[in-house]
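Residue numbers (UniProt numbering): 1 to 318. For glycine and all other residues, C-beta sits at the position ideal for the given N, C-alpha and C. The structure presented is a predicted model; accordingly, all values stated were derived computationally and were not measured. Worksheet: the structure to be examined is printed underneath.
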């Protein structure tokens with residue numbers, strides 16, 4: 001098995017572990033659920049141990065599967081980094097990479113990673129252009145820049161999308177608000193609460209929660225503040241105005257510090273959305289320096305994004 005095949009196989013295993021479903025994992029790959037099941041069977045035979053317990057409703061990791069997952073995550077990260085380093089050593093990369101990214105995500109997560117990347121590759125330069133949009137999946141600035149970071153459903157076939165991280169969304173509120181208004185224990189109770197919401201085009205999974213095996217819309221009846229910018233909604237939530245439904249890449253630091261408290265997370269992080277965070281490029285062949293940056297970003301942001309990794313195990317008890 002070559003390194004690419006090993007990375008794909010282990011990545012598929014980690015997707016099944018994370019989603020708890022062959023069908024959900026298949027949507028992240030060009031595979032059918034039955035093909036995913038066959039590959040997991042093959043992996044279990046190669047490992048010599050049962051990694052998952054299957055039922056009609058879910059797929060759960062065995063103790064051996066959980067132990068294997070810890071090693072698998074490190075192996076995938078190391079293989080991706082090794083491949084990126086091999087590219088750099090074979091042809092000392094030089095030149096400019098132009099990147100277009102959403103401002104909030106760029107400031108919090110992308111800029112620090114790019115700084116580390118540039119320290120590793122002194123011959124490379126990055127021009128980072130931060131904009132307000134996160135949901136433009138048309139890649140309008142491609143041609144002017146080499147890579148565009150976006151989140152959403154892919155539709156434009158002229159673009160090549162490299163998955164970088166999952167999108168996970170959590171309903172949350174300040175301790176002060178929950179003390180005053182009480183803690184909702186079920187999404188259907190959001191109707192009894194104040195909220196903060198998007199003004200205009202909302203993300204497709206905002207205020208949607210999985211119940212009885214399907215996604216259902218539940219949102220607060222009164223919207224105390226609406227905004228076309230997610231950071232503004234964070235400010236309102238921190239001020240105690242109401243409940244917000246925020247992506248973890250934006251809310252994780254406040255959740256970890258206890259400035260916002262998570263809701264409906266008794267079983268840990270909610271499942272990732274079917275759409276994720278992508279690096280988009282045109283179908284034409286990417287330059288070697290762009291490929292190098294893509295491999296580095298994948299190493300730093302997947303298979304589990306660092307902001308979600310930090311939240312795992314720290315969301316119960318509210």
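Query                                                                                                                             : Result
Beta-carbon contacts of residue 290 that lie in its chain and below 8 Å, excluding the five residues immediately before and after : 97, 146, 147 and 281
Reduced DSSP secondary structure (H/G/I, E/B, other) of residue 265                                                               : coil
Proximity to residue 216 [Cα-Cα], best of 204, 222, 32 and 293                                                                    : 204
Residue closest to residue 364, alpha-carbon to alpha-carbon, out of 6, 246, 314 and 24                                           : Residue coverage of the chain in this structure runs from 1 to 318, which leaves residue 364 outside it and unanswerable.
Residue from 116, 11 and 46 whose Cα sits closest to the Cα of residue 297                                                        : 116
Helix, strand or coil at residue 245 [DSSP, three-state]                                                                          : strand
Alpha-carbon spacing of residue 153 relative to residue 278, whole angstroms                                                      : 10 Å
Residues bridged to residue 216 (per DSSP)                                                                                        : 209
Residue 322 classed as buried or exposed, judged by whether at least 16 other C-beta atoms fall within 10 angstroms               : Shown here, the chain extends from 1 to 318; a query on residue 322 therefore has no answer.
Distance, residue 62 Cα to residue 32 Cα                                                                                          : 23 Å
Neighbourhood of residue 65 by C-beta, 6 Å cutoff - its chain only, sequence neighbours within 5 removed                          : 51 and 52
Beta-carbon spacing of residue 250, residue 105 below 9 Å                                                                         : yes
Buried versus exposed call for residue 309 [16 or more other C-beta atoms within 10 Å across all chains shown]                    : exposed
Between the CA atoms of residue 302 and residue 312 - distance to the nearest angstrom                                            : 15 Å
Proximity winner among 93, 18, 109 and 82, relative to residue 306 (alpha-carbon distances)                                       : 109
Residue range of the alpha helix (DSSP H) that includes residue 309                                                               : 306-311
From 163, 213 and 95, residue whose alpha carbon lies closest to that of residue 21                                               : 213
DSSP beta-bridge partners of residue 5                                                                                            : DSSP, once it has assigned bridges, lists no residue as partnering residue 5.
Coil, strand or helix - residue 162 by DSSP                                                                                       : strand
Span of the alpha helix (DSSP H), counted from its first residue to its last, around residue 279                                  : No alpha helix (DSSP H) holds residue 279; the beta strand (DSSP E) holding it covers 276-282.
Neighbour-count burial assignment, residue 82, 16 or more Cβ in a 10 Å radius                                                     : exposed
Spatial distance of residue 41 from residue 225 (CA atoms)                                                                        : 50 Å
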